[in-house]
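In our numbering, the protein residues as written are 2 to 344.
Glycine included, each C-beta is placed from N, C-alpha and C at the ideal position.
Here the structure is a predicted model, which is why all the values come from computation and not from measurement.
Next comes the structure, spelled out in structure tokens:
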């Protein structure tokens, strides 16, 4: 429509009024961590990985079945994210087909992946949604028996952005106690994926965590400073991640997956002669656990195994290494600005 149309000329005023009202309701200093656009800059610290490794490869298996949105769990709609079939969320009813996609993970996919990791003698990080792990106790025991790290992927596989602080604090408590009950030890790592601005502060408040993964902004761990002290962040990746099988512009085949992983590895390995970094890889039992996709993972692991000075490690191993070799006073630390992230 033209700018002179009387109908459109009235609309901006209404939008402006709404925007003005929204602005007045917005807190002057929204809670949460400050943003950091610099990080390590052009001079990252030398990671000093064990064995003088040029690259640290951290494989992360997301186990989410049973913790996703479901009316069986009291939610008002079914799940629709990362199903690889394109079904929408349904309000007020179950979605049996989507439920079955998630069920494939603990029924088949996770067991296939356990065999693959055993064949390659690799220990990985299990990002377990605790409500889901509770419904798959045999699989959870297998993770522990195989020597994999089990960290918390939250109490539920839901969006925490708008969750009230008290409720999120309770979810953290439930997640920690749930993993302790299932595995015999509390998790030392945390990955929510859809955290609130309060999540990291609540983790530090709870205590017991060596690190969290709720960042995508670097290829090395870094420290943040909160009111209760320093806290380590080990960035995750949504790039080197099988979730791109669920995107139209992502991976269309196992070959796409392996090629992307191999290209990423090759460049990081080359750079690692002077500046070793982390290659964080995100996996999902219901996605990469399918045979036509799993072969792409096998190809990548075969490629990486042909190189020396490669450290396959868990998130906990990275965290303990960084705590020992790069304590807060010798590493870049993000300062929490006054009034930001304090409450």
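Burial check for residue 293: the Cβ neighbour count within 10 Å stays below 16, so the residue is exposed. Classified as buried, residue 58 has 16 or more neighbouring CB atoms from the shown chains inside 10 Å of its CB. Distance from the CA atom of residue 195 to the CA atom of residue 201, rounded to whole angstroms, is 12 Å.
Boundaries of the alpha helix (DSSP H) harbouring residue 115: 111-120, taken from the DSSP string.
Inter-residue distance for residue 183 and residue 142 is about 7 Å (C-alpha atoms, whole angstroms).
If you look at residue 279, you'll find it in the beta strand (DSSP E) that goes 278-285.
Within the same chain, 287 come within 6 Å of residue 105 by CB-CB distance, once the 5 residues on both sides are set aside. For residue 250, the number of other beta carbons within 10 angstroms of its own is below 16, and it is reported as exposed. The alpha carbon of residue 232 has as its nearest neighbour, out of 211, 248, 247 and 305, the alpha carbon of 211.
Taking 8 Å as the cut-off, the beta carbon of residue 265 is found no closer than this to the beta carbon of residue 125. According to the DSSP secondary-structure assignment, residue 42 is paired through a beta bridge with no residue. Taking residue 181 as reference, the option from 134, 239, 205 and 270 with the minimal CA-CA separation is 134. In the structure shown, residue 323 falls within a helical segment according to DSSP collapsed to helix, strand and coil. Around residue 326, the same chain offers 49 as residues with beta carbons nearer than 6 Å, after the five sequence neighbours per side are excluded. The three-state reading of DSSP puts residue 231 in strand, counting E and B together.
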